[in-house]
Amino acid sequence: MRRVQCSFTTSTIIFPFRLKGDPSGCGDPDYEFSCVNGKTILEIFPGKYYVHNISYDDQNLRLVDVNFANGSCSLPPGSVKTADGKVMDFRFQGAVIYYASRFRFIKCSKNISSLPTAANYTRVPCLAATNGSYFYAVYVPEYYYLPQPSCSLVAVAPVDYHPDMKFTSYEAVMKLLQAGFDIGWSVKCRDCSLAGKGCAVSSWVKPLTYECYTG
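Note that numbering that gives the first Met the number 0 has the sequence shown beginning at 0, numbered continuously upward.
Okay, structure coming up:
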């Protein structure tokens, strides 16, 4: 098994992963990383994410959005596929064995900061109001999310789940975004998805194993 490493800050890269430019037969092309300035990068959702850690036992990747890691003020990459922000990728259907959450980025036609129903909306001042628009980040569970009449969902960023955390400023929002999030992978689930089948964990003994199912 060929082992490579992009830099001393990331895990060793072995199957199913590969680096762009590796010889054919090394790793799986669906799980290809880039190595840029000594940093491992995965393109997904679409967007570019630093790979901070690879757990082969848990079959998880720790990812950080490149723009957030660099301190840039920007919306998350990619488009929202569903109202709850779940963005699916057939390559990454594996389990993450603890709760995750997300920031919803909201665009509003007016300033709603003073509204009692918008108490969980954190203003994003670095995204300057243009054409009368204001941007907010919202971190609440799905069942607590209260859409505002003058607002629309424009982007979603996955993050770790911290039910008691308060975000009184965008600096606090950025701190959690810069910490990144985990995403699971499973070659078996990838193959199940390509065959039009579902996938579930068949054994929680590490490394996790999966099986396909129909219906």
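Idealized CB from N, CA, C, for every residue including glycine. Values in this document were obtained by computation on a predicted structure and should not be read as measured data.
For residue i, list the residues DSSP reports as bridge partners.
i, result
"residue 158", "100"
"residue 111", "Note: residue 111 sits in no beta bridge, so no partner."
"residue 182", "60"
"residue 151", "106"
"residue 168", "Partner(s): none; residue 168 has no beta bridge."
"residue 200", "209"
"residue 125", "Note: residue 125 sits in no beta bridge, so no partner."
Could you give the distance in angstroms between the alpha-carbon of residue i and the alpha-carbon of residue j?
i, j, result
"residue 69", "residue 48", "11 Å"
"residue 114", "residue 138", "16 Å"
"residue 169", "residue 134", "11 Å"
"residue 155", "residue 197", "25 Å"
"residue 59", "residue 185", "9 Å"
"residue 13", "residue 56", "13 Å"
"residue 165", "residue 131", "27 Å"
"residue 162", "residue 122", "19 Å"
"residue 20", "residue 111", "49 Å"
"residue 42", "residue 67", "15 Å"
"residue 187", "residue 88", "14 Å"
"residue 127", "residue 40", "29 Å"
"residue 172", "residue 72", "11 Å"
"residue 109", "residue 214", "46 Å"
Are the beta-carbon atoms of residue i and residue j separated by less than 7 Å?
i, j, result
"residue 92", "residue 192", "yes"
"residue 36", "residue 10", "no"
"residue 90", "residue 189", "yes"
"residue 5", "residue 25", "no"
Could you tell me how far apart the beta carbons of residue i and residue j are, in whole angstroms, since I believe they sit closer than 8 Å?
i, j, result
"residue 74", "residue 153", "6 Å"
Any 3 or more C-beta pairs closer than 8 Å across the stretch 108 to 119 and the stretch 21 to 37: no
Segment contact flag, the stretch 145 to 157 with the stretch 102 to 111, C-beta cutoff 8 Å, min 3 pairs: yes
The stretch 55 to 67 / the stretch 174 to 186 touching (three or more Cβ pairs under 8 Å): yes
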